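These protein sequences, in sequence, are chains W and S.
Sequence positions in the first sequence follow my numbering and run 1 to 77.
Sequence positions in the second sequence follow my numbering and run 1001 to 1442.
We treat Cβ as the ideally placed atom computed from N, Cα and C, and that holds for glycine.
Since the model is a prediction, treat every value here as computed from it, not as a measurement.
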Amino acid sequence: MDFHAALGWGLPVGIGLAAIGSGIGLGGIGNGAMQAIGRQPEATGKIQLAMIIIAALAEALTIYAFVTMFLLQGKIG
Amino acid sequence: MGLEFLVRVRKSSLWASLVVALLIARYVRPIDGWAVALGVLWSLANLSLIERLVVALTGPGRRDPAGVRRTLQAAAGMTALFGLGAVLLATLPAQSLLWGFLIPLVVIVLKAASLLLLGSRGWKRFARDPRRVAGLLVILGLAAWAAAPLWVGAQEHGASSPSPGATHAAASSGGEHGENEGPQKFTNFVTLLARAFPDAPWAHFLHEFEVLIFSLLVALLLVVVAWRASRDPRLIPGPFQNAVEYLVETLNDFIVGILGPVHGPRYVPFLGSLFVYILAMNLFGLIPFMDSPTSSLNVTVALALVVFVYSQYIGIRGLGVIGYLDHLAGNPRTAISWGLVPLMLPIHIMGELAKPISLSCRLFGNVFGEDMLLVAFVTLGITSVSFLHSPIGLPLQLPFLFLALLTSTLQALVFTVLSTIYFLLMLPHDDHGHEGEEQHAH
């Protein structure tokens, strides 16, 4: 397969795969946080803080794929 | 003027030489930059040896054996330095070395002159009205602005003198290439200036450093806000002071809540200004003809490197060098954990190195992606009504502007929280057994 064609296929598909993984992870994080808040509404602040941190870590994986796409985008030509 | 004057001279000339060496390495030749840096180091070592020699010869106890030894040491150091200087002169470009050698001397002269000027009675009478000082600063800035094109032009001539045509062609083709290849961003005023004056060297200079210009603008804005808010503090605050105090208090409570009341207050100024600075930089791109500095990887990497170096410094200062290495090796106490050290040490080091990479890439990716999203929808809004030939498109980007507000705030918060967590991991705490506590207590 041609290099450009491989990149042209691979970059969008790679971003999509990364987004699927991050989405599953974020869903799990949100699920756990909402349940914890439901059980202990008085700890909402702490739970939200931890949730935001972990969500940022999970979301970063898609961002890495996104940055990689922008780095390689110029080579599709 | 005592010895502390020399200490200040040393500090200022180190900073000045860093900037000058980087600029020269970038614009002239890397080896000239090295030569300037080495020349400054040579000059500083020379100065400090002379200082030591003078202190040893004139200070108290010059007849003691210790004083004689100090004198001999300083003299031997001077001799070794001369030998080293001869080697340097033979290997590196002598002119740059000489310029570097002159920088500390220039700093001394300027500092002494400014001390004399600022201490004089005429200046005190002049500075009684702050508006006059501000006017003088503005005049000096304008003069520098007017002089900068001459200087840059001279430098460009100097740089391109070997083959003027070739460098010009390379520069122009490089510029066009960059504009065509990279993803298009919103036009900011620096780009407009560079387009309006395509031949002026200062416009090129500005265009090259546009990220720095925007981040300095943001910093200037924050400085003005902080100055205005704290200039005239009242017991019953006005709305402006109230807003700033609310922000500072919230940040203080937040960071102290994570780091704990013992270590927390020390790091609030750094982490709080990190948050405010990043938030302002993220939001700056939403202003027309402005650009977010954080949508360039250079800025975010710089921010993350600052956090990285500071957290390592906290670790080394809090735990000691041995304790820090112990921390990196996973606190081996038993035979099994000693056996695991060859495995744990690389893992911990990789983990430390991954932190700044992930911090910078996350911030860059989010802000840049948000910009790209807005650009894509503005383009879509214009092309969707292109049959009308109207210059204004549908405002399709409107919902995403609110998304951009959310992302900007969230990413600034995430950057700050993660830096706080990294600091927390480096601070001495209970999880690492009692030895860390005892070391810290001592």
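Note to self: Can you list, in chain order, the residues of its chain with a C-beta nearer than 6 Å to that of S/A1025? Leave out the 5 residues immediately preceding and following it.
What the structure shows: G1033
Margin query: Any beta carbon of chain W sitting closer than 8 Å to that of S/T1167?
Written below: Unreliable placement is indicated for S/T1167, whose pLDDT of 39 sits below 50; the coordinate value is still reported in the next sentence. It does not; no Cβ of chain W falls within 8 Å.
Item checked: Nearest-angstrom beta carbon gap, S/N1188 and S/F1289 [assumed within contact, 8 Å] -> 6 Å
Margin query: Any beta carbon from chain S within less than 8 Å of W/A60's own beta carbon?
Written below: yes
Next item on the list: Specify the secondary structure class of S/F1364 as computed by DSSP and reduced to three states.
Entry: helix
Checklist line | Residues near S/G1436 by beta carbon distance below 6 Å, same chain, minus five either side | finding: Only weak support is given to the placement of S/G1436: the predicted model assigns it a pLDDT of 41, under 50, and the value that follows is read from those uncertain coordinates. Closer than 6 Å at Cβ, skipping near neighbours: P1428.
Next item on the list: Give every residue of the same chain whose Cβ lies closer than 8 Å to the Cβ of W/A43, excluding the five residues on either side of it in the sequence, and list them in chain order.
Entry: A36 and I37
Check: By Cβ distance, which residues of its chain are closer than 7 Å to S/A1037, with the 5 residues on each side in sequence left out?
Finding: S1017, A1021 and G1100
Item checked: Meets three-Cβ-pair contact criterion under 8 Å: the region 1118-1130 of chain S and the region 1067-1074 of chain S -> no
Margin query: Taking the beta carbon of S/A1094 as the centre, do at least 16 other beta carbons fall within 10 Å, making it buried, or is it exposed?
Written below: exposed
Next item on the list: Kindly list the residues whose CB is nearer than 8 Å to the CB of S/L1259, restricted to its own chain and excluding five residues on each side of it in sequence; keep chain order.
Entry: Y1267, T1420, F1423, L1424 and L1427
Notebook entry, point to check: In the region 1332-1359 of chain S, which residues sit with their C-beta less than 7 Å from some C-beta in chain W, listed in chain order?
Noted result: S1358
Check: Over what stretch of residues does the alpha helix (DSSP H) that includes W/E59 continue unbroken?
Finding: T44 to Q73
Check: Is it the case that the Cβ atoms of S/S1296 and S/V1218 are separated by a distance below 8 Å?
Finding: no
Next item on the list: Could you check how far apart the C-beta atoms of S/D1291 and S/K1185 are, in whole angstroms? I think they sit under 8 Å.
Entry: 7 Å
Margin query: I'd like to check one pair, S/F1240 with S/F1284: are the Cβ atoms closer than 8 Å?
Written below: no
Next item on the list: Measure the C-alpha to C-alpha separation of W/H4 and W/G10 and round it to an integer number of angstroms.
Entry: 10 Å
Next item on the list: Go to S/S1273, then tell me how far its alpha helix (DSSP H) extends in each direction, as first and last residue.
Entry: P1239 to F1284
Check: Looking only at its own chain, which residues have a Cβ that is under 7 Å from the Cβ of S/M1281, when we skip the five neighbours before and after it?
Finding: S1215, V1218, S1292, P1293 and T1294
Next item on the list: Could you pull out every residue in the same chain whose Cβ sits closer than 6 Å to the Cβ of S/I1278, ignoring the five residues on either side in sequence?
Entry: A1412 and F1415
Next item on the list: With S/P1399 as the anchor, note down where its alpha helix (DSSP H) starts and where it stops.
Entry: L1398 to M1426
Notebook entry, point to check: Taking 8 Å as the CB-CB cut-off, is S/N1366 touching chain W?
Noted result: yes
Check: For S/D1199, which of helix, strand or coil comes out of DSSP?
Finding: coil
Notebook entry, point to check: Taking the alpha carbon of W/L17 as the point to measure from, which residue in W/F66, W/K46, W/A50 and W/G45 has its own alpha carbon closest?
Noted result: W/F66
Next item on the list: Inspect the CB distances between the region 1310-1330 of chain S and the region 1340-1355 of chain S and report whether three or more fall short of 8 Å.
Entry: yes
Check: Below 8 Å between beta carbons: does that hold for W/A55 and W/L26?
Finding: yes
Check: Should W/I53 and S/V1417 be called a contact, given that it needs their Cβ atoms to be closer than 8 Å?
Finding: yes
Item checked: Whole-Å CB distance - S/L1105 paired with S/A1074, under 8 Å assumed -> Rounded, the Cβ-Cβ distance is 20 Å, inconsistent with contact.
Notebook entry, point to check: If S/L1251 and S/G1264 are in contact, beta carbons under 8 Å, what's the gap, nearest whole angstrom?
Noted result: The pair is not a contact, with the Cβ atoms about 11 Å apart (cut-off 8 Å).
Check: Looking only at C-alpha atoms, which of S/A1066, S/S1384, S/G1039 and S/T1191 sits nearest to S/L1098?
Finding: S/G1039
Notebook entry, point to check: Between which two residues does the alpha helix (DSSP H) containing S/R1231 stretch?
Noted result: E1210 to R1231
Notebook entry, point to check: Exposed or buried, what is S/V1224 when buried is set at 16 or more other beta-carbons lying within 10 Å of its beta-carbon?
Noted result: exposed
Check: Taking three-plus beta-carbon pairs below 8 Å as touching, is the region 1313-1321 of chain S in contact with the region 1389-1396 of chain S?
Finding: no
Checklist line | Cβ neighbour criterion (16 or more within 10 Å) applied to W/Q48 | finding: exposed
Margin query: Once DSSP output is grouped into helix, strand and coil, what is the label at W/G16?
Written below: helix
Next item on the list: Please confirm whether S/F1364 and S/T1300 have their CB atoms less than 8 Å apart.
Entry: yes
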